[in-house]
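Residue numbering for the sequence shown follows the working numbering, beginning at 1 and increasing consecutively. Every residue, glycine too, gets a C-beta built ideally from N, C-alpha and C. The model shown is predicted, which means the values in this text are computed figures rather than measured ones. Note sheet for the following structure.
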Amino acid sequence: MPGKAKKARARNTTRHTRSSSEMSNDEGKVCDTEETDSEEAACTTPKGNPVVTDNVNISEEGRILIDRMECLSREITKQNSEFHDEMNVLRDDIRKNTNDMKNAFKEEISELKSGITYAQEVSEENKIKVEEHEECLKDIQIQSSSMSTAIKNMSYQYNKMYDELNTKLLDMNVYSRRSALHFQNIPEEDGENPGDVMKHFFVNRLKMSKDEVQNIRFERVHRIPLGPKEKYRFTRTMTVKFNWYQDRETVWGKRFSLKGSNIYVTESFPKEVEDNRRLLMPYFKKAKELKWKCAMIADTLIVKDERYKIGDIQKLPMELLNDNSSMRDLDTVFLYNSSTSPLGPDSCTPFECEGTMFRSVTQYLAYNRAIVMKDQRTADKVLQTSDPRQIRRLISEIRGSDGQSWRKVSDSHVIKATAIKFSVHKQIRALLMRTGSKTIGECNPHDMIMGTGCSLNDKTASDTSAWRGQNLGGNALMETRNHIRKIDKA
């Protein structure tokens with residue numbers, strides 16, 4: 001038994017020694033000491049007594065272990081010293097870099113402060129400049145407003161002077177023609193002598209004496225248009241200008257002897273006067289039907305000793321405005337002629353819009369259409385004429401016009417012009433309000449946008465379902481009528 005116990009203790013000691021030997025081998029690698037392959041190692045018992053295993057002395061092994069531990073300690077000390085050195089170097093670098101960063105940061109802060117100070121100074125300067133500019137802008141706005149008002153006044157005065165000058169020129173033209181008469185449908189022959197033809201006509205058709213005719217002196221006699229007879233397939237009008245106005249009056253007084261024939265004697269007027277007379281004629285005829293004292297001298301209508309020019313239609317007595325051939329008042333529909341009725345866009349009813357004076361709604365629409373299409377040249381031409389037919393010709397000359405941009409805004413312009421027109425002219429405003437709640441149609445067979453596409457006397461003119469046009473003019477009148485009614489109620 002004791003022998004077995006000793007063997008067991010020896011085996012345990014051997015295992016312990018191997019483990020210590022392996023550890024020592026690992027430590028020996030660090031110390032670069034020589035390893036041993038011996039599996040025996042010396043150990044001590046718990047009591048510290050030396051034990052001998054496999055013939056290896058325990059004290060020798062302990063010495064080797066101590067040497068290795070010392071070697072390891074020196075290595076650790078060396079590495080620790082190197083680590084401290086590196087840490088010192090790193091600390092110095094960090095301290096140096098920190099100082100550099102502090103200095104750089106201080107410089108940047110200083111530059112930033114300088115920049116902020118400069119920006120504040122510039123901001124103050126700019127603030128002062130902005131305030132000065134604002135004051136300057138206010139002055140400019142005040143001056144602009146004053147100039148705008150002055151321009152509007154000048155434009156109004158210019159248009160007024162233009163109308164007065166145009167009227168004077170027209171009156172002078174009429175006066176220069178006061179000694180002339182036109183004779184229509186007098187038979188025309190090749191190689192005729194116009195003077196002899198007219199004297200023969202005075203004797204045979206006007207029943208004037210030969211002596212009286214022989215004393216008549218002509219300033220000029222000719223056919224219009226000028227040229228040889230073969231150029232024309234119709235009988236041209238004979239125009240006669242007398243040397244003495246009294247001779248002209250004598251012949252003019254004989255015109256009633258031509259009643260029942262196809263020959264007519266008319267006074268010689270410029271085209272503008274002829275157009276004005278055409279517009280005034282329905283009112284003249286109505287005044288005669290009412291047996292009022294009336295007369296037509298050139299383009300001036302005289303009713304009850306009151307004179308009315310084409311621009312004064314809205315001032316005519318309501319009896320003439322409310323019932324004439326330019327309008328039809330039916331059960332549910334009210335129709336008016338676009339050219340001759342005071343409700344129509346062609347009627348001369350001057351009004352001002354945004355500093356510009358317009359003589360009719362037609363002129364206003366044509367002007368703004370040219371402006372929308374950026375054709376200032378045509379717009380200026382529109383303002384220089386009051387003839388609706390000439391204005392329509394100018395509309396066809398507008399450059400770059402595809403119609404799309406104008407169609408987008410045309411409705412609003414029609415309504416705006418119509419509203420201004422009836423706000424200025426109270427007489428025709430009363431005429432509009434007398435239509436009640438009837439559907440209003442603008443009769444113009446040639447205008448499918450403003451009109452119904454029907455003439456005033458068409459059988460289907462009163463049938464709204466047969467209207468082929470958009471009737472923008474009539475719709476604008478109805479909208480204006482409703483707007484006026486709302487204002488009156490308020």
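TODO: Assign Leu137 to buried or exposed, taking buried as 16 or more other Cβ atoms, counted over all protein chains shown, within 10 Å of its Cβ.
DONE: exposed
Open item on the list: Rounding to the nearest angstrom, what Cα-Cα distance links Gly473 and Ile128 in this structure?
Closed with: 56 Å
TODO: Determine the DSSP secondary structure at Tyr232, reduced to helix, strand or coil.
DONE: coil
Open item on the list: Give me the residue from Asp196, Ser455, Asn153 with the minimum Cα distance to Trp467.
Closed with: Ser455
Task: Selected residue, minimal CA-CA separation from Arg359, among Glu306, Ile420, Leu316 - done: Ile420
Open item on the list: Distance check for Thr250 and Ile216, CA to CA, integer angstroms please.
Closed with: 10 Å
Open item on the list: Can you list, in chain order, the residues of its chain with a C-beta nearer than 7 Å to that of Arg248? Leave out the 5 residues immediately preceding and following it.
Closed with: Ser179, Leu181, Phe242
Open item on the list: Here's a check: name, in chain order, each residue in its chain whose Cβ is nearer than 8 Å to the Cβ of Phe269, leaving out the five neighbours to either side.
Closed with: Val174, Arg177, Arg277, Ala298, Asp299
Open item on the list: Would the region 455-465 count as touching the region 415-435 if we require 3 or more Cβ pairs under 8 Å?
Closed with: no
TODO: Can you give me the Cβ contacts of Lys254 inside the same chain, cut-off strictly under 6 Å, excluding the 5 residues immediately before and after it?
DONE: Leu206
Open item on the list: I need the DSSP call for Glu27, collapsed to helix, strand or coil.
Closed with: For Glu27, the pLDDT reaches just 41, beneath the cut-off of 50, and the residue's location in the model is therefore unreliable, although a value from the coordinates is still provided. If DSSP states are grouped into helix, strand and coil, Glu27 belongs with the helices.
Open item on the list: Give the list of continuous alpha helix (DSSP H) stretches no shorter than 4 residues that lie fully inside the region 323-378.
Closed with: 361-372
Open item on the list: Starting from Lys309, trace the beta strand (DSSP E) in both directions and tell me its first and last residue.
Closed with: Counting along the chain, Lys309 falls outside any beta strand (DSSP E), and DSSP gives it neither H nor E.
- [ ] Express the C-alpha separation of Leu279 and Asn159 in angstroms, rounding to a whole number.
- [x] 22 Å
Task: Cβ-based burial, Cys43 [other Cβ within 10 Å; buried from 16] - done: Because Cys43 carries a pLDDT of 37, less than 50, the predicted location of this residue cannot be relied on, and no value is offered for it.
- [ ] Return the chain-ordered list of same chain residues with a C-beta closer than 8 Å to the C-beta of Ala281, the five sequence neighbours on each side being excluded.
- [x] Per the sequence shown, residue 281 should be read as Met rather than Ala. The answer, listed in chain order, is Met296.
TODO: Starting from the C-beta of His133, find all residues in its chain whose C-beta is less than 6 Å away, skip the five residues before and the five after it, and write them out in chain order.
DONE: none
TODO: Report the residue from Cys443, Val409, Gln470, Arg485 whose alpha carbon sits nearest the alpha carbon of Ser437.
DONE: Arg485
Task: Straight-line gap, Glu479 to Lys315 (C-alpha atoms, nearest Å) - done: 23 Å
Open item on the list: So within the region 219-305, which uninterrupted alpha helix (DSSP H) runs reach at least 4 residues, ignoring any that extend past its ends?
Closed with: 245-253, 271-289
- [ ] Would you list the residues sitting across from Gly441 in a DSSP beta bridge?
- [x] Leu335
Task: alpha helix (DSSP H) segment containing Ala520, residue limits - done: Since the first residue shown for the chain is 1 and the last is 490, residue 520 is missing from the structure and cannot be characterised.
TODO: Let me know the secondary structure DSSP gives Gln384 once reduced to three states.
DONE: coil
Task: Inter-residue Cα distance where the pair is Glu40 and Gly62 - done: Note on Glu40: pLDDT 37, under 50, position unreliable in the model; the coordinate value appears next. Cα-Cα distance, rounded: 13 Å.
- [ ] Compute the Euclidean distance between the alpha carbons of Phe425 and Lys309, then round it to the nearest angstrom.
- [x] Here residue 425 is His; the residue named in the question, Phe, does not match the sequence. Going from the Cα of His425 to the Cα of Lys309 covers about 15 Å.
Open item on the list: If you follow the beta strand (DSSP E) that Gln184 is in, where does it begin and where does it stop?
Closed with: 180-184
Open item on the list: Measuring CB atoms only, is the region 438-447 touching the region 409-420, in the sense that at least three cross pairs come out at less than 8 Å?
Closed with: no
TODO: Hey, could you find the ends of the alpha helix (DSSP H) Glu188 is sitting in?
DONE: Unbroken run through Glu188: none, as it is neither H nor E.
TODO: In angstroms with no decimal places, state the Cα-to-Cα distance between Pro345 and Ser339.
DONE: 7 Å
- [ ] Sort Leu258, Met172, Asn475 by Cα distance to Met208 and report the nearest one.
- [x] Leu258
TODO: Within the same chain, show all residues whose beta-carbon is closer than 8 Å to that of Cys353, passing over the 5 residues directly before and after it, in chain order.
DONE: Tyr364, Lys416, Ala417, Ile420
TODO: Between the Cα of Ala287 and those of Glu272, Val273, Asp305, Glu274, spot the shortest distance and give me the residue it belongs to.
DONE: Asp305
TODO: Please go through the same chain and pick out, in chain order, the residues whose beta-carbon is closer than 7 Å to the beta-carbon of Arg328, but skip the five residues on each side of it.
DONE: Leu335, Leu456
- [ ] Grab the span of the alpha helix (DSSP H) containing His200 for me, first residue to last.
- [x] 194-204
Open item on the list: Using the Cβ count rule (16 or more neighbours within 10 Å means buried), how would you classify Val265?
Closed with: buried
- [ ] State the CB to CB distance for the pair Asn482 and Gly451, rounded to an integer number of angstroms; the pair is presumed to be in contact (CB under 8 Å).
- [x] That pair is no contact at about 21 Å.
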